[in-house]
Structures are given as structure tokens and as C-alpha cells.
Amino acid sequence: MQEWANQLCENRQFGSKMTDSKYFTTTKKGEIFELKAELNSDKKEKKKEAVKKVIASMTVGKDVSALFPDVVNCMQTDNLELKKLVYLYLMNYAKSQPDMAIMAVNTFVKDCEDPNPLIRALAVRTMGCIRVDKITEYLCEPLRKCLKDEDPYVRKTAAVCVAKLHDINAQLVEDQGFLDTLKDLISDSNPMVVANAVAALSEIAESHPNSNLLDLNPQTINKLLTALNECTEWGQIFILDCLANYTPRDDRESQSICERVTPRLSHANSAVVLSAVKVLMKFMEMLPKDLDYYGTLLKKLAPPLVTLLSAEPELQYVALRNINLIVQRRPEILKHEMKVFFVKYNDPIYVKLEKLDIMIRLASQANIAQVLAELKEYATEVDVDFVRKAVRAIGRCAIKVEQSAERCVSTLLDLIQTKVNYVVQEAIVVIKDIFRKYPNKYESVIATLCENLDSLDEPEARAAMIWIVGEYAERIDNADELLESFLEGFHDESTQVQLQLLTAIVKLFLKKPTETQELVQQVLSLATQDSDNPDLRDRGYIYWRLLSTDPVAAKEVVLAEKPLISEETDLIEPTLLEELICHIGTLASVYHKPPSAFVEGSRGVQHKRLPGSAGSGESVESPDTGSAPVASEAPPAVIPSQDLLGDLLNLDLTPTTTTGPPPPSSAMQMGAMDLLGGGLDSLLGVDLGGSPAMTAGFGAPPTAGPPSFTAPVSGGLDDLFDLGGGVGMPMGAYVPPKTLWLPAMKAKGLEISGTFGRRAGVVQMEMTLTNKAMSVMTDFAIQFNRNSFGLAPAGPLQVLTPVSPNQSIEAVLPLNTVGPVMKMEPLNNLQVAVKNNIDVFYFSCQYPISMLFVEDGKMERQVFLATWKDIPNENESKFQLNDCHLNADAASSKLQGSNIFTIAKRTVEGQDMLYQSMKLTNGIWVLAELRAQAGNPNYTVSLRCRAPEVSQCVFQSYEAVLKN
Amino acid sequence: MIAQVFILSSKGDRLVYKDFRGDIGSDAVGLFYDKVTALTGDQPPVVMTHRNVHFVHVWQGGLYLVATTIAADSSPFAIIDFLNRLAALIKDYCGALSEKTVQMNFALIYELLDEMLDYGYVQSTSCDVLKNFIQTEALSSRPFSLLDLANVGLFGADTQQSKVAPSSAATRPLQGGKSEIFVDVIERMSVVMSTSGVLMKAEVEGEVKVKCFLPSCSEIRIGLNEDLSVGGSHLAGYGAAVRVDECSFHPAVRLDDFEAHRILRISPGQGEQSVMQYRLADRLPLAPPFRLFPAIEKDAAGRLLMFFKLRCDLPPKSSAVNVSASIRVPNGCISLSQELSSPDQSAELQPQNRAVVWKVPRFPGGTQLSAVFKLDIPALSSASMMEVGPVCLTFELPKVTASGLHVRFLRLVPTQHRGPTQRWVRYVTHSDSYAIRI
């Protein structure tokens, strides 16, 4: 070493700059040969220099693999520095030269016995990095020794090496019993060894979701907690992350772990802090809220989170993304820390936006004045995006905190006075939302808004303004002029504005019919005749027909009270939030996406969940699993404030009462409408032209009422539906026999019996309508009440011809599952209203849940195993199925017809076990284990599901399917 | 789990590249460089993703230090912290972090990486632990270079001012040289003040850093103000006791004497460490250093007139340096005319930022400056008066701590080490975000 240093100094004196940087000079011809010669030199210094040059070339991506044998030759040296360099080279090239790599094995094995622990560790570390199968065989013996080495430095290196080896050859690791040795290392005296063993085991366990590798029990947890206090900050992270996967048995254990983790919150390393926060957030779920300790813990969580915000902007951003999650889950933690989220003028824009979001989430009556003052300040900043978001935030405050609404509105008016174009537009958009939340309260500002009509150039703002004019048309004297001015460039507007304009003018017409007939005719013809947009045409026709048939009904429909918009927007869906809380401090929490969203490769998808709460009054706060099936598929309770359909949905024209996305079958209906288009146009067109002066604006069309309109097309539609309804598939789903739903006694002579079935993937209601009255029945329609799975008719009830006395008629009604959701008791209960020309009748019936099992309900084996384990035991229900004389295979194929899929079959001691999965239309998975003993007619069915309340219904389906 | 670590020059050249897990190809380097250079200012640069590869990087000393991973459950904090430590270690070993030092010492850096990470698990980042394993000797580039002057100054503090520290202190490798120890107290101040001088928000974040050049040292004791109180304001008595809301310490700090005597005991390893971090909010012991008295009006000719008096409320012996006030002005300013109270000040209009920037190189405590700005704005309306403000100040306060925290003494527990030891204690407060609303 000394010698080399001298040489260096000398060289420097001669000005030739003998430093590493010269290795990076460009390749000359024959460089490889030169290096070869130097590598084989006798002088150690020269060799070292040469190896360095080789590694420098390797770094910049040059191929120096040709030198492999020469470099390997340098391996046998007692100079540690040279040895490290050679090993570095080996790791890189061994894979491309596996045969050559074998040459190095002897030296590795020898080095593993070296008296110097540094060399032993180095050898074992490097061998693990050489991903060549042949070498792994030689690795086993040395690794076994090193795992029991006396030096902790060697042991901790060997622990990691097990994980490396497992990645190359998992079977080998299991066969050699390394996993057990690794488990023993958790009890090692050296905390660094413990930490590495935990890290290695966690990783191995991840690729074997079903194994019981990381067997976390109170004893091991205790060991981990002890090691936690002693090991380095990095080791603490491994251990905390591992603890987060543990589910304590009860709240007492939970509390004691929390107590021992809390000191980590004051650690200087922010990664340690966040890992600790993750553990605490998770285990807090188990603590009853009335516990004193719960309150203490909440208080302790705030300061470290605040401290994270003093880091550089990049880390701040990561911290804010995490805090955003925490605030959504437990706003009480940071409710007094509003000030730290105030924006600094020199924050980067991405930090500002994130802070703004958190400010709104924390806004409450107590701090709203402060928040508003800040927001107003932000609204005059330079950055356009930030200003827009700040203006929106003011609107959100108004909606969230009722007491502040007035102040928010006046702040927004102040901002409109600035006449800054984008501020004005944003303000109008949010004022529209405020109007929807607090109707008839702030109309006094409308005059001010109207002054700015001309400056609006963004579709969203124009649409909002038009909505306001239409909604409050009776109070705006020149509403017709205002709307007319928009009409001039109707075809250049975006769809959003067009739709809104159409609705607004119809509203205006209904409010002031006398002066606005021309206007409404103009807009209806623009929408229906000149537009290519099907949505617009549909809406135009609907209004048209409504107005022409029954202006009073039209008024009721169009001017109906709208549902209020909800307070909180942009909330993360609760189940996703729960999962993200389990991933606090990870990359997933930065993206706000679960890790499974990134996985493309082989790793099994494991969804983490928070443990259930022990406290009594807890369920209000945490979405309990009970409501999960409803929450998971139901459209969010929030009505998007600018929903285009909003007004349309109030129309009760068709029996469907969907508030969600348009049902899949609507394409069909739309087609029908378009077919209608021509005929209708001509019919109405003539009429309109002929009698412009009638009060309703339209003459009564020659054919009266909507039912007659459907008549010409319904035949075609019927055919379409018939495709699904005609013949069941030979192995089709089980359809129970028809039962009597509505006796004639109760329904003025109308008798309905029916059943439900799933045919070719379509859920159907099959009914027989019998007229037991003396007169003809016509004009049938059907409607469902809200129900557990959002069942709703996918089209109108097709009863085409009048039903004469004593006639029976078969009707098939296709259903979809995008209707409004409400939990029913029993779960599969459905309340139905049927109307005919006589009256409206109500009845309720129960549908077999099996008709909701979808065709893609077959789970992957691995996923099944993982999910089965993942679902807590208390969610399992066991049922006894008696008198079933099928063998397992027959049962399996029978069930398959009803979309209950068998994933695996095992036979143990004469007992057949079938593992089955099914998926409900709303995405709930049900996992089942069916045990059948040969010769015994009694089956046992165990069902596991995250929403255990469906189990009973599912079992009933099993019973029905298997016994028929 | 970190899959790869690489260091790139600002031009995207690979200086160091090491693969730990073999699950990402080496084309990640090019991918990263393409992504990072394509970033616009308003995208968060922290984590970037390409398919299932995540890139986390820090930018230090003109180099990209990058780590990649495919595990979405790895912690970005841990990775960023790790990269920052790597940068610090390279500085400790090689004196500075630059393209040149990294090229000269690549073998050493590979060795460091090998010990710091195994299969992507961080093993250790402590200089003291690592020096047991490291064989390669560092080469430092010491030939004088003008560029190096830019680095001189308080380490850790991001400041342009350079007169306080001995020039060589910050950029010097650990081995060899004089035996010296530096204790720096660095504070960052965030203030939001209303026109009337009411403090709407005040916050100080501070840090005590130690950089040790002692070959061997068993223990140092840092005595802080004896009246220092830690915790919420309810604990503070009356009077001007020094208070911090929260503080956290380096895990190696022994706090046996902290409760009673406010003494921190540490055995500093060689190199730079952050010994204590603290934070206080709302109730600052001293008045905020600057107050602004604005008057804004429209003159007869339709110009915008702004009169400012800026007062420095520091004690007369102290002064602020590099003070710069950025005054937000309405859109559409064409020209600026100004009257400033002394010739060393300057002011300019920056239309792209909608701001007038008023610079004062040195501002002694207890004095007051004034300025008059006249702005020509063609479309001046009463609404555009609302667009004036806030005024944002940046400054440095050498030898001042906003929290009042001081080092009473710095004692070295004697060792067999001979020769005098230089001890330096330095203070600086600089602005993080100091805004005055109008």
C-alpha cells in the first residue's frame, strides 16, 4: 500500500496524473491485450492497477468479459483490496461465463474457511451474487458453516445469502434446511443478524404466501421488539415492517406493542418514523376508543408527522402524500396542526397542491376562518394551476362547513371582482356547486355572475353558468336573452355545454312558457335534428316527448328537486384506503395505488387489510366488513357535481331507476331510439309546425303516450332479448320452478308467478302474468325498489298486447346490477312494483343468489390459497347439506353450471374435498370447501367470504342446485 | 429493497453502476436519464416509474445518485436517506462530491457500496462502522480550483456567505490534516406576517451539526442553554426562556445529563453528523427580524406607487446579509423607476415573475431602509391593486439563532491525543419562507 502511494506521488510529480480518472479514458486498439499483459504481471501493484482499469471499463458498459480467465487468476491473493476488486468483476461476468466461473469455486470455498472474518464474509457474499446454477451446489456447505460462524459479521452476511440462494433455487434452500437455520437466527444475540434474518425471511415468505415461514407469535414478536431497541436504524426498518404484518390477538397485546414501538417516533431517520407510524396506525384499529391510551397515542403521532415536513421538498412531498392518507383515516391526529400545512410562497407547486388538499380535509368549524383567509391569499398567486385549485378549495370549504358558506360566497365574489379570467371561471364553477348544496339561499349573487357571462371561455364554466341561469330562470329577467345568446354558436359548443343549454332552456320554458316557445323549439330541433351526438339527441327527444304528451308531468320531472351534493369529495374509497394505510411509508403510498397495481411479474397479489376493531362504538368510524359488499360496488354516494346526467336522471320515463353509469343494455335502447328517430320526427314535426299557439307548445300527437311509441320497435327488441331468453344451455344454471308471487286476490285480478335465472350471462326475471279479472289489462310497467345487489330492469317490461280475461302471458325481463343499492333483509329480498291500467301493485320475492354468480368466477389456485388464508377465521361459516346423493364429480359439474367453479380436488382418507370459488356481480368473492364422504349423503360446506353475510344465501343456492 | 445503485454525471455518463439483485437490466440507466431530463418543474421528481421499475434519486454535487427497485413496498424515505448518506460518506472520504472525485475513487465507492448494501438491504451507513471494512484509500483532489470556492461555507447550510468558516473546513477528506471540530447551529425560519405586523405563522426549524476531524476522541460534551425547555408552550414559564416544541437526537447521543444540565454527550465518529434537530412554532423569543411598512396608491398619471419602509429588528450588534425582498406586482408592468435610500441597494423588475426584487447586501440591526417604486401599468384598475403583494424576503443572519439556542461550552474529554485542537462553534439563521402580506 505504502509503496503504491509513493508511486502515486511520484507519478503526480511527473505530471502524469496517476489517478483513477485515467481509467475512464477512451478505448484504444489493443487495449484488451495490454490489460491482459498487465493482469499477468508479477507485480502486485500492476495487477491491481490493471483490475481497476478493467472495472472502470465495465462500469461504462464496455465488454471486458474476454479477460475473465486472467482476472480470475488474480483471485488467489492475500491482498484484500485486490481480492475485493476481483470479486466485483466476478459478480458481473460470472453469468455470461458459467464454465469459467467454476474455476473460481475452489478459491471461494477456501476463502470461506479463511481465519479473517472479513474474507469469509466477502466470499459468501460474492458467491451468493453469482447467479450460476452450477456454483450454487458448491455454495451449500460453506453457507451452512457461515450461518453458524462465530463472527456476527459473517452470520449476518450468510443470512442475506440464504435469500439470494432462494431466489436462484428455492427447492435447494428448502432441501438443505437453510430456512430452519434462518429462523433460528431470529433469536441471535446480535441485533444486526436478527435484522438481516428478518429481512431475508420476509422476502422468502412473500414468494410463498401459504408457507408458515415467518411464524409470528407472541414469543417471536417479543424477540423482535427487543432487537428493535439495539439494532441500527436500517435494521429497525426491517423489523418494524415485519411487525406491521402481525395481527395481535387482543387489544392488550396490541397496546403493549404500541407502547414499545412509540419511542421510534422520535428517531432522526424519517424512514424509521414512518415505519413506526404504519405499525401504530394498524394496531390502533384494535384499541377501544375510550381507552386513555388511545388518546395518548393520537397525541404522540402528531409531532413526528409535523417534523417530516421540515425536510427538503422531495421528502416533504412523500410525507404529505402519506399524511393525506392518515388524515383521511384519522383526521383527529392532526386536527390542531392546520398551520403547518399552510403553503409557503417558495414551496414547489407539487408540494403546494398537496398541502392544499390536506388543508381542506382538515377544515372544520373551528379553523375555517383561518383557512379561508389563507385560501383567499393563495387565489392571487402567480401560478395558474395553484390559483384554480385554491378557488375550488374555497368552494369545497363552503360545502363542507355550512357555517362558513356565506363567508366563502362573499370571498368568491371578491375574487370575481378581480376580473382575472381563470379566477372568475373557477369561481363560477364552484358557486354552482354551492347553489346545489344550499338551494335558494345565495341567489342575490346571480346578478354579479351574469355580468361576467361574456368572459367565460371554458366549457365547464359556461356549463355552470348556463345551469345557474336555467335553475333560477324565474328570477333572472333576461334569462331568455342570456340563453339565446349561447344558442347562436350551439354547434361549436362542447357536449357538456350543449346538454346543459338544452336542459336550461327547457326549464326556462316550463317556468315562463308564454315568451319562450320559439326558443325551446329552436333548441329541440338543434339537438335532435342537427346533432350527431346520441346523448344530445336522446335527451332532446325525451324532452320533446315529455313536453308534447304531458306538460304537467314534464314540469314535475324536469323541475324536480335535485339530490343534494355531498360534503366530501375526492375521498379515497374506504377499502383502498385501508389497504394503503397498511402500506404507509412505501412507494405505494406515494402513488396512492396498492402495490398490486404495479406488479406485472409473478409475485402473488396479497391485499393487506387493517385488523378488525375491538371497541364497541367503532363501527361508525371504520367501515365494517358488514357494509363492505354494498360499499365495494355501489357507485360512490357522492354525486359528481357536474354530472351531465344529473337532470336526465330525474326523469322517470323508463322503469329503470339507475343513478350509476348507464346500464350496459342502454346501447340497445339507444339503437331503438335512433330507429324511432325518423318516424317520430315527421310525426311531431308536422304537428309542431301546424299548431304553434297551443299552451303546451305542442299539439297532442296523433298517437298518445309513450307506450305507443315503443310499439313499433319492441318486436325487434324482443327478438334481441329472446336470444338470451329462449333456450337454456344444456348445462345451464339452475333455474328454480316458478312460484306464486302476487296472488290475484291482492292485485285486482292480476296474478303473477315467476322465477329468476341466469341465461348466457344475463340475469332474467321470468314471469307469467295471468289476467283473472273481467276486463282487459294493458300498459304494464315494472319497477324495483333498491336492493342489496343493485338489481334493476335492463329494459321496459315487454307486454305487447293487451291481456284479455283469463289469458296468461309469459314475460321475460332482463336485469342488470347497476341500480341503486340498499341492504335488504334477507339479503336476497327484492321488492317489486308492477303497474297496469288498473292500479299499481307491490310484492316482494327472493331470488337465488346463484344467478348473480358471474362467469369469470374461477380463481387462480395460488390466489385462492392466499385469499383463503387472508380471510379471517371468524368469517367462515359451516353448513351441513343433507341427503345429497351425488358423488363429488357430479356435484362439481352441476355446480359449475351455476358458475360455482371447482379449483382443486383432494381426496384424503376417502373423503373428497372440493375447493370452489364464485364471484358475485358486485365483485365479492366467495370461497368454498365442500367435503363429501363416499357413501354418506351428508356434505359439509365451509364458506369464506370477506362479507360473511352472503354466506347464508350462498349456501341456500348450493342446496337448491345440488338437490335439483 | 434496492435493486441497483448508480451515479450519473449531469450529462448522463455512468460513473458508478452496481446491480444488487439482477432483476432490472442495465438499460435502466438510460431510461432514468431520459425521464429525469424530461421532467417539467411542476411534476414531483421524487419517484419516477417506468413499467414496474421505480427510480428514486437525489441530486447532489452536480451528480445524480439513483436507486432503482421493483418492489412497490420499499420505502422512499429509506432510499432517499440512504442516497443522502452515500453522498455524505463520499464527501467524508474524498473531501467533496463531484464528478472528478467520484471518477478518481470509483474503486473505493464500489467497496463502500458493497459494505453498505447486501442484496439490496441496507447494512450500515455509519462511517465508524464502515471504516473497519474499507481497504481502498481515498484520493482527494486538492489542486486549487476556482470552482471549489463555491463550496466553501457552512456545511449543511445552503448559503452563499463564506466569511465565517475557515475556508478549507467543509471540503476536506477526513484523513490527515489538523485536528479540528466544528459545531454548527443552523436554523431556518418561516414567517407569515400581516400588513399590521401581526404574526400569522412563525416557525423555526433548527439543527445542531457536528463535523469532527479528530483522529481519536472518546467523548465531547455540548452544553446548551441551561434554561432551554422542551415541549409545548404550557411548560415555559414567564420570561425569555429558550424553548423548543420538539426535538430529536441522533441515536448515538447520550442524554444522561440532558434533563438536568442540558448537556449532550456524544462520541462523534469522524465525519459529519446531525446531532440534534428541533422545531418551534408560533411563540418566538425575539421579534421577527424584519418588519415592512407599505403604502400603495395610484398617482394622477395612472401609475402604481409603492412606498416601503423596511426595518431590521435585530439587536444593533448583529446584521443581516444578502437580504432580498421580492414584491409581487400586478400583471402587465412595463417599467419601473425607483428611489432607494442608499447606493448599495438595488432593485429590478422581473416581469416573468411579476415581481420587483429589492436587494440589500448588508442590513445592520436597528436600522431602517426605505424605497419608492413607480410602476407603469397600462391596464391598471382598482382590482389590480389586489394583486400587489405579498412581499417575500430571503436573508441570512450570521451569528444569530432565531430560537435563542446557544452552545454554552464544547468540551473534549481528554484522550491520549497530543497537540492543540481547534474548536469552532458557528451559528446561522436563514430564511426558509418569510412572507409579509399586503
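Chains A and B are the protein sequences, given in the same order.
Mapping the first sequence onto UniProt numbering, position 742 (from 1) lands on 742, and the numbers just tick up by one.
Mapping the second sequence onto UniProt numbering, position 242 (from 1) lands on 242, and the numbers just tick up by one.
Cβ coordinates follow ideal geometry from the N, Cα and C atoms, glycine included.
Quick caveat, the model's predicted, so the values are computed rather than measured.
Residue 263 of chain B versus B/109, B/48, B/299, B/219, residue with shortest Cα-Cα distance: B/219
In this structure, does DSSP put residue 213 of chain B in helix, strand or coil? coil
Minimum C-alpha distance to residue 765 of chain A - residue among A/177, A/777, A/735, A/486: A/735
Run down chain A in chain order and give the residues with a C-beta less than 8 Å from the C-beta of residue 269 of chain B. Residues of chain A passing the Cβ test: none, with the nearest at roughly 13 Å.
In the region 95-125 of chain B, which residues sit with their C-beta less than 8 Å from some C-beta in chain A, listed in chain order? 100, 103, 104, 105, 106, 107, 110, 111, 114, 118, 119, 121, 122, 123, 124, 125
For the beta strand (DSSP E) containing residue 362 of chain B, name the first residue and the last one. 355-364
What is the C-beta distance between residue 502 of chain A and residue 536 of chain A, in whole angstroms, given that I count them as a contact (C-beta under 8 Å)? 7 Å
Can you tell which of A/327, A/223, A/252 has its C-alpha closest to the C-alpha of residue 291 of chain A? A/252
What ranges does the alpha helix (DSSP H) occupy inside the region 282-345 of chain A, keeping only unbroken runs of at least 4 residues that lie completely in it? 292-308, 313-329
Take every Cβ of the region 823-833 of chain A, pair it with every Cβ of the region 847-860 of chain A, and state whether three or more of those distances are shorter than 8 Å. yes
Using beta carbons (cut-off 8 Å, strictly below), is residue 218 of chain A in contact with chain B? no
Nearest to residue 201 of chain B by alpha carbon, out of A/31, A/878, A/374? A/374
Tell me the start and end of each unbroken beta strand (DSSP E) in the region 233-316 of chain B that is at least 3 residues and wholly inside, in chain order. 246-249, 263-266, 271-281, 290-298, 304-312
Alpha carbon to alpha carbon, how far is residue 65 of chain A from residue 47 of chain A? Give it in angstroms, no decimals. 17 Å
For residue 820 of chain A, verify whether its CB is less than 7 Å away from any heavy atom of the ligand ADP. In terms of ligand content, the structure shown is empty, and the ligand ADP therefore cannot be addressed.
Residue 726 of chain A (DSSP reduced to helix, strand or coil): Because the pLDDT at residue 726 of chain A is just 36, under 50, the model does not fix this residue reliably, and the value given afterwards should be weighed accordingly. Residue state, collapsed to three classes: coil.
Would you give the residue range spanned by the beta strand (DSSP E) that residue 398 of chain B belongs to? 391-398
Is there at least one Cβ from chain B nearer than 8 Å to residue 573 of chain A's Cβ? no
Suppose only complete runs of 4+ residues qualify. What are the alpha helix (DSSP H) ranges in the region 71-111 of chain A, listed by chain order? 80-93, 98-111
Residues of chain B with CB under 7 Å from residue 117 of chain A, in chain order? Simply none; closest approach about 10 Å.
In the DSSP assignment, find the unbroken beta strand (DSSP E) run with residue 905 of chain A in it and report its ends. 901-908
Can the beta-carbon of residue 81 of chain B be found less than 8 Å from the beta-carbon of residue 271 of chain B? no
Anything in the region 367-382 of chain A with a Cβ closer than 7 Å to a Cβ of chain B? List those residues in chain order, please. 377, 380, 382
Any idea which residues DSSP pairs residue 774 of chain A with across the strands? Partner(s): none; residue 774 of chain A has no beta bridge.
Name the one or two DSSP bridge partners that residue 835 of chain A has. A/781, A/840
Among B/391, B/127, B/358, B/285, which one has its Cα closest to the Cα of residue 339 of chain B? B/358
Helix, strand or coil for residue 489 of chain A, going by three-state DSSP, please let me know. coil
Under a Cβ-count criterion, where at least 16 other Cβ atoms within 10 Å of its own Cβ denotes burial, should residue 106 of chain A be classed as buried or exposed? exposed
Would the beta-carbon of residue 196 of chain A fall within 8 Å of that of residue 121 of chain B? yes
Tell me which same chain residues have a C-beta within less than 7 Å of the C-beta of residue 815 of chain A, skipping the five on either side of it? 763, 764, 765, 791, 792, 793, 794
Would the beta-carbon of residue 295 of chain A fall within 8 Å of that of residue 77 of chain B? no
Could you give the uninterrupted runs of the alpha helix (DSSP H) lying entirely in the region 230-274 of chain A, keeping only those of 4 residues or more? 233-243, 251-261
Consult DSSP for residue 754 of chain A and reduce its assignment to one of helix, strand or coil. strand
I'd like to know whether the C-beta atoms of residue 283 of chain B and residue 307 of chain A end up nearer to each other than 8 Å. no
Near-chain A residues of the region 67-90 of chain B - C-beta to any C-beta below 7 Å: 72, 73, 74, 75, 76, 77, 78, 80, 81
Distance, residue 57 of chain B Cα to residue 7 of chain B Cα: 9 Å
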